Amino acid sequence: MTATTAPALFETLRVGRTVLPNRLVMAPLTRMRATPPDDLPNDLMRDYYVQRAGAGLIVTEGTQVSPRGKGYLDTPGIHSPAQTDAWGRIVDDVHAAGGRIAAQLWHVGRVSHASFHDGALPVAPSAIASGGRTSVKGPDGCPERVPSPVPHALTPEEIAATVEDYRAAARNARAAGFDLVEIHAAHGYLIHQFLSPTSNVREDAYGGTPENRRRFALEVVDAVVDGFGGADGVGIRISPIGSFNGVEDPDGQATGLALASEFAARDLAFLHLSEPDWVGGESLSDDFRTALRAAYPGPIVAAGGYDVAKAERVLGGGWADAIAFGRWWIANPDLDVRLRTGAPLNEPDKATFYGGGADGYTDYPTLR
Ligand code: PHB
Numbered sequence: 103m104t105a106t107t108a109p110a111l112f113e114t115l116r117v118g119r120t121v122l123p124n125r126l127v128m129a130p131l132t133r134m135r136a137t138p139p140d141d142l143p144n145d146l147m148r149d150y151y152v153q154r155a156g157a158g159l160i161v162t163e164g165t166q167v168s169p170r171g172k173g174y175l176d177t178p179g180i181h182s183p184a185q186t187d188a189w190g191r192i193v194d195d196v197h198a199a200g201g202r203i204a205a206q207l208w209h210v211g212r213v214s215h216a217s218f219h220d221g222a223l224p225v226a227p228s229a230i231a232s233g234g235r236t237s238v239k240g241p242d243g244c245p246e247r248v249p250s251p252v253p254h255a256l257t258p259e260e261i262a263a264t265v266e267d268y269r270a271a272a273r274n275a276r277a278a279g280f281d282l283v284e285i286h287a288a289h290g291y292l293i294h295q296f297l298s299p300t301s302n303v304r305e306d307a308y309g310g311t312p313e314n315r316r317r318f319a320l321e322v323v324d325a326v327v328d329g330f331g332g333a334d335g336v337g338i339r340i341s342p343i344g345s346f347n348g349v350e351d352p353d354g355q356a357t358g359l360a361l362a363s364e365f366a367a368r369d370l371a372f373l374h375l376s377e378p379d380w381v382g383g384e385s386l387s388d389d390f391r392t393a394l395r396a397a398y399p400g401p402i403v404a405a406g407g408y409d410v411a412k413a414e415r416v417l418g419g420g421w422a423d424a425i426a427f428g429r430w431w432i433a434n435p436d437l438d439v440r441l442r443t444g445a446p447l448n449e450p451d452k453a454t455f456y457g458g459g460a461d462g463y464t465d466y467p468t469l470r
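In our numbering, the protein residues as written are 103 to 470.
Structure, rendered in C-alpha cells:
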C-alpha cells in the first residue's frame, strides 16, 4: 500500500454506544501468543494492543467462548475468571492509552483438532470435514499445520449449551470492560458452518431452509446482546461471499442480505463485512454493496485487501462507514499517524504473523 492521506478516514463515527475518533478499525487477526495451558491473555498481548491504541477501534484476535471453541495453538479464551481478569487489565491499559477495544467472540467449530480437546472431536452442525487445516503445537513447540478431522455433529442440547457459552463469554467481556463485542460469524467458523448448506445438512430446526440455517446465528446474537447488556454494544462479522475454510455458501448474497436485515431489526452496533479479496477472491460488486447498505443502515465496517484508494472509494460511495486493516496494523503500530500524514509504511513480515514472541509483534518501529 502506498501512503497517501485519506481525510474520510479521520472523521468521527458513532458505533452503538461508542464514538470512534477515526474510521480506522484494527481488524482481528489470529496471533497465537496467549499463555498456555490456560489460554491466558498476557503482558505481551497488552503491549501489542496498547501500541495500536490510535485505531478508532481495535477488534481483538479471535477469542474462544469455550474450550471447545478453540482451534489453533495459543489463542486466548474469555470463558474463565482468570482470562476475564487478564483481559480486564489489557482493556484498562488500552483505555489509559486513549483507545477503544472490542472483544471478538470466536468458536471455530470444525476448524480444530482433537489435540485441543483431550482427544475428543471438534464440533459442527454436521459431520462434514472442512477439508482444511489448522495449527497445532509441533514437535519443536512451533505451530504445525494439520488437517481438521470429520467433526461431531452437535445435538440440539449441545447447540443450546453452545449458545449459553456465547452468553457467558459476552458477560465476561462486559465484566472485563470491553467497549464492544464482535461476534465472529465469518470465515468458515462455527456460525458460518451453520449458515451454509455445504457444511450444514441438518434435518432439524437448524438446517434445511435458509431461515433454519440462520437460526443458530440469531440465537447467538440474542444471547450475546443479553450477556453484554444491549445491542448497542454488539457488532458482528460476516463473510457471506467467498470461500473460507471449506465453507462456500452458494447463495451467499442472499444469506448476507437476509442476515443484514435481521441485524438491522435488532439495531446491532455495527456490521463488519469481510470481503473475499483478502484471500484472493473477486471484489464485491457495487450492486451488492448498495443492497447491503439498503438492508443495514447502521455502521458498516469493511475489510479485505483495502488500500487507501479502495477505502476512499467505498467510504465515498456511502457503502461503508469505517475500514478495517489487518496486515498494515501488524507492521505499523502508528498506522493512524502514518495515514494521516502520508508517511511511508513498514512492510509486514509474514514469517512472524503467527505465534512466537515479540519478534514481528511488538517490535515494529513507530515514526518517533
Ligand atoms: C486464521 O488463523 O487463519 C484465521 C483466523 C480467523 C479468521 C481468519 C483466518 O477470521
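A virtual CB, placed ideally from N, CA and C, is assigned to each residue, including glycine.
A quick note: this is a predicted structure, and the numbers were derived from the prediction, not measured.
Residue from the options whose Cα sits closest to the Cα of residue i
{"i": "His-374", "options": "Gly-348, Ala-393, Ser-363, Glu-284", "result": "Glu-284"}
{"i": "Pro-342", "options": "Val-322, Gly-310, Ser-376, Ala-366", "result": "Ser-376"}
{"i": "Asn-347", "options": "Pro-251, Arg-154, Ala-184, Ala-188", "result": "Pro-251"}
{"i": "Leu-292", "options": "Asp-369, Ser-385, Thr-311, Ala-319", "result": "Ala-319"}
{"i": "Val-193", "options": "Val-238, Ala-222, Met-147", "result": "Met-147"}
{"i": "Ala-405", "options": "Pro-399, Ala-229, Ser-385, Ala-270", "result": "Ser-385"}
{"i": "Tyr-398", "options": "Val-416, Arg-304, Ala-360", "result": "Ala-360"}
{"i": "Thr-107", "options": "Gly-428, Lys-412, Gly-400", "result": "Lys-412"}
{"i": "Ser-232", "options": "Val-196, His-289, Pro-183", "result": "His-289"}
{"i": "Ser-301", "options": "Arg-276, His-254, Tyr-408", "result": "His-254"}
{"i": "Ala-366", "options": "Gly-118, Leu-126, Ser-228, Ala-199", "result": "Gly-118"}
{"i": "His-294", "options": "Thr-132, Val-349, Ser-168", "result": "Val-349"}
{"i": "Arg-269", "options": "Arg-116, Ser-168, Ala-229", "result": "Ser-168"}
{"i": "Leu-126", "options": "Asn-434, Arg-470, Tyr-466, Asp-451", "result": "Asn-434"}
{"i": "Thr-392", "options": "Gly-418, Ser-298, Trp-208, Pro-352", "result": "Gly-418"}
{"i": "Ala-277", "options": "Tyr-151, Ser-182, Pro-130, Lys-452", "result": "Ser-182"}
{"i": "Glu-313", "options": "Gly-158, Pro-299, Trp-421", "result": "Pro-299"}
{"i": "Ile-338", "options": "Gln-355, Leu-115, Ala-205, Asn-124", "result": "Ala-205"}
{"i": "Thr-165", "options": "Ala-188, His-197, Ala-157, Leu-111", "result": "Ala-188"}
{"i": "Arg-154", "options": "Thr-137, Asp-388, Ala-129", "result": "Ala-129"}
{"i": "Gly-243", "options": "Asp-351, Pro-138, Ala-396, Asp-388", "result": "Pro-138"}
{"i": "Leu-111", "options": "Tyr-466, Tyr-463, Asp-438, Pro-450", "result": "Asp-438"}
{"i": "Pro-450", "options": "Gly-462, Arg-442, Thr-443, Gly-457", "result": "Gly-462"}
{"i": "Thr-177", "options": "Ala-136, Gly-201, Leu-159", "result": "Ala-136"}
Assigned secondary structure, residue i (DSSP; H/G/I helix, E/B strand, else coil)
{"i": "Ser-217", "result": "helix"}
{"i": "Arg-273", "result": "helix"}
{"i": "Ile-293", "result": "helix"}
{"i": "Thr-177", "result": "coil"}
{"i": "His-209", "result": "coil"}
{"i": "Leu-115", "result": "strand"}
{"i": "Val-156", "result": "With the sequence shown as reference, residue 156 is identified as Gly, and Val is not the correct amino acid for it. Reduced to three states, the DSSP call for Gly-156 is coil."}
{"i": "Gly-386", "result": "Looking at the sequence shown, residue 386 is not Gly but Leu. Here Leu-386 sits in coil by DSSP."}
{"i": "Glu-259", "result": "helix"}
{"i": "Thr-120", "result": "strand"}
{"i": "Thr-165", "result": "strand"}
{"i": "Thr-101", "result": "A query on residue 101 cannot be resolved here, the shown segment of the chain reaching from 103 to 470 and no further."}
{"i": "Ser-301", "result": "coil"}
{"i": "Glu-414", "result": "helix"}
{"i": "Arg-317", "result": "helix"}
{"i": "Asp-149", "result": "helix"}
{"i": "Ser-182", "result": "coil"}
According to DSSP, residues forming a beta bridge with residue i
{"i": "Pro-249", "result": "Arg-235"}
{"i": "Leu-282", "result": "Ala-204"}
{"i": "Ala-500", "result": "In the structure displayed, the chain extends from 103 to 470; residue 500 sits before or after that span and is not available."}
{"i": "Phe-346", "result": "Val-349"}
{"i": "Gly-337", "result": "Glu-284, Phe-372"}
{"i": "His-254", "result": "Val-225"}
{"i": "Leu-126", "result": "Ile-425"}
{"i": "Leu-142", "result": "Thr-137"}
Residue i Cβ short of 7 Å to the ligand PHB heavy atom set
{"i": "Gly-164", "result": "yes"}
{"i": "Ala-288", "result": "yes"}
{"i": "Tyr-408", "result": "no"}
{"i": "Thr-186", "result": "no"}
{"i": "Tyr-463", "result": "no"}
{"i": "Thr-132", "result": "yes"}
{"i": "Tyr-174", "result": "yes"}
Closer than 7 Å: residue i CB and nearest the ligand COA heavy atom
{"i": "Tyr-291", "result": "The model on display carries the ligand PHB but not the ligand COA."}
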